[in-house]
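For reference, the structure discussed in these notes is given below.
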Amino acid sequence: MGRRYGEDVMAGDWRRRKVIPEVDAEPELVVEDADSGFCGAVVGFESGAVVLADRHGRRRNFPLLPAAFLLDGRPVTLRRPTRAPVPVARRRTASGSIAVDGVRARVARASRIWVEGVHDAALVERIWGDDLRVEGVVVEPLAGIDALDAEVRAFDPGPDRRLGVLVDHLVPGSKESRIVARVNSPYVLVTGHPYVDVWQAVKPAALGIRAWPVVPPGRPWKEGVCAALGVSEPADMWRHILSRVNSYAEVETPLINAMERLIDFVTEPV
Numbered sequence: 001m002g003r004r005y006g007e008d009v010m011a012g013d014w015r016r017r018k019v020i021p022e023v024d025a026e027p028e029l030v031v032e033d034a035d036s037g038f039c040g041a042v043v044g045f046e047s048g049a050v051v052l053a054d055r056h057g058r059r060r061n062f063p064l065l066p067a068a069f070l071l072d073g074r075p076v077t078l079r080r081p082t083r084a085p086v087p088v089a090r091r092r093t094a095s096g097s098i099a100v101d102g103v104r105a106r107v108a109r110a111s112r113i114w115v116e117g118v119h120d121a122a123l124v125e126r127i128w129g130d131d132l133r134v135e136g137v138v139v140e141p142l143a144g145i146d147a148l149d150a151e152v153r154a155f156d157p158g159p160d161r162r163l164g165v166l167v168d169h170l171v172p173g174s175k176e177s178r179i180v181a182r183v184n185s186p187y188v189l190v191t192g193h194p195y196v197d198v199w200q201a202v203k204p205a206a207l208g209i210r211a212w213p214v215v216p217p218g219r220p221w222k223e224g225v226c227a228a229l230g231v232s233e234p235a236d237m238w239r240h241i242l243s244r245v246n247s248y249a250e251v252e253t254p255l256i257n258a259m260e261r262l263i264d265f266v267t268e269p270v
C-alpha cells in the first residue's frame, strides 16, 4: 500500500525550495536583467519581450523568462500586466536624465570622481546626485589639484577602479593644464571647464545678474566677486548661488559636458 501512491510528497528538501515571485511589468518599474546586468525601467513590450530603457535612454528587449530579472537584488519573474498599462509621464532628474523611481542606491563602485573642493562637490550633488546614486559613484572633494599626479598614483587606478577628475579653469597654458598633463593613466579621465571657479559655471541669469563681475588680476576672485556684488562673506555668496540652482538649466554647457563624460567613463563596463 505504501507504494500505491508513489513517493512521500513530504519527503526531500521541499522546505528549501525557493518560490520566485511573479511581478507585473508595470511602466517605470526598474529591474536588472540577471544575465547581462543591464538595468532599466519598463517602457513597453515588443514581440513578447519586455523593453527596458536605462538612464541614458538606451533600450534593450528581454524575453519574459522565469527568474530572468532582479528586483531590489532578488530574482523575479516578470509578467505582462493583464490590463492595458496607463501611460506615465516621464520624470527627469535635475541633470535631465530619465528618472528611475523606486530603485535603491547601488553599492558604491571602486571607481571615483574627484572634484577640486566642497563647492564643486555640492554643485555636482545638486544636479547629478540622483544619477550618481543609481550608478553607485562616489564624488570626493580635493583640497586643490597641486599634488594631483601623486594622489592619482596613490589611488592606484585600474580597469575596474577608474578615476574621473573635474578641474576648474582647464584652459591651454594655465597652471591647471600643466598639472593635468602629468597624469597619463588610461584608467584616469580628467575633464574640466574654462571658468576660474565653479561659481562662474552657474549662469548669471540664475542669480539675477547680467554677467559675473570682472575681478582685477592679483585679487582673490571670490573676494572680488563678493565686493562687486555687495556681499560681505564668500560663504553667504555661495549659499545664495547654490539656492538658485535646481537643474542643469542653471549651469553652463562646458560643466554639463565635462560631468557627463566623467560619469560615462567611470561607469563603463569592464
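At position 112 of the sequence shown the residue is numbered 112 (UniProt numbering), and the sequence of numbers has no breaks.
C-beta atoms are modelled at their ideal positions from N, C-alpha and C, and glycine is treated no differently.
Residues bridged to residue i [DSSP beta-bridge criterion]
i: ASN246; result: None, per the DSSP bridge assignment.
i: residue 309; result: Any question about residue 309 goes unanswered here, given that the chain covers just 1 to 270.
i: ARG60; result: LEU52
i: GLY173; result: Looking at the DSSP assignment, GLY173 forms no beta bridge with any residue, so it has no partner.
i: THR77; result: GLU22
i: ALA41; result: VAL30 and ALA53
i: VAL137; result: Partner(s): none; VAL137 has no beta bridge.
i: ARG210; result: DSSP, once it has assigned bridges, lists no residue as partnering ARG210.
i: ARG161; result: GLY158
i: TYR225; result: Correcting the residue type first, residue 225 is Val in the shown sequence and not Tyr. Partner(s): none; VAL225 has no beta bridge.
i: VAL251; result: VAL202
i: LEU71; result: ARG74
Assigned exposure category for residue i - 16 Cβ within 10 Å defines buried
i: HIS240; result: exposed
i: VAL31; result: buried
i: ARG3; result: Low confidence applies to ARG3: its pLDDT is 45, below 50, so where it sits in the model is not reliable, and the reading given next is rough at best. Exposed, since its Cβ has fewer than 16 Cβ neighbours within 10 Å.
i: PRO157; result: buried
i: VAL9; result: In this prediction, VAL9 has a pLDDT of 46, which is less than 50 and means its spatial position is unreliable; what the coordinates show is noted afterwards. By the neighbour-count rule (16 or more Cβ atoms within 10 Å), VAL9 is not buried but exposed.
i: ARG15; result: Reliability of the predicted coordinates at ARG15 is poor, the pLDDT of 49 falling under 50, and no value is obtained from them.
i: ALA205; result: exposed
i: THR267; result: buried
i: VAL118; result: exposed
i: ASP146; result: exposed
i: ILE263; result: buried
i: GLU22; result: exposed
i: TYR5; result: Reliability fails at TYR5, whose pLDDT of 43 lies under 50, so the model's placement of it is uncertain and the value that follows must be treated cautiously. Classification for TYR5: exposed.
i: GLY164; result: buried
i: SER111; result: buried
i: ARG162; result: buried
i: GLY192; result: buried
i: ASP160; result: exposed
i: ALA122; result: buried
i: VAL19; result: exposed
i: GLU233; result: exposed
i: ASP236; result: exposed
i: ARG35; result: Per the sequence shown, the amino acid found at residue 35 is Asp instead of Arg. It is exposed - the Cβ of ASP35 has fewer than 16 other Cβ atoms within 10 Å.
Beta-carbon gap between residue i and residue j smaller than 9 Å
i: PHE45; j: ARG60; result: no
i: LEU255; j: ALA201; result: yes
i: VAL167; j: VAL180; result: yes
i: ALA68; j: ASP33; result: yes
i: TRP128; j: MET259; result: yes
i: LEU29; j: LEU64; result: no
i: VAL152; j: VAL196; result: no
i: ASN246; j: ARG126; result: yes
i: ARG244; j: GLU252; result: no
Cβ separation of residue i and residue j, assumed to be a contact under 8 Å, to the nearest whole Å
i: VAL124; j: VAL139; result: 5 Å
i: ARG80; j: ALA41; result: Contact flag wrong, Cβ pair sits at about 16 Å.
i: PRO27; j: VAL43; result: 7 Å
i: VAL215; j: VAL225; result: 6 Å
i: GLY144; j: GLU116; result: 6 Å
i: PRO213; j: LEU189; result: About 32 Å; that fails the 8 Å criterion.
i: ASP131; j: ARG58; result: Not really, about 14 Å apart at Cβ, beyond 8 Å.
Contact the segment 163-175 vs the segment 213-222: 3+ CB pairs below 8 Å: Touching, no.
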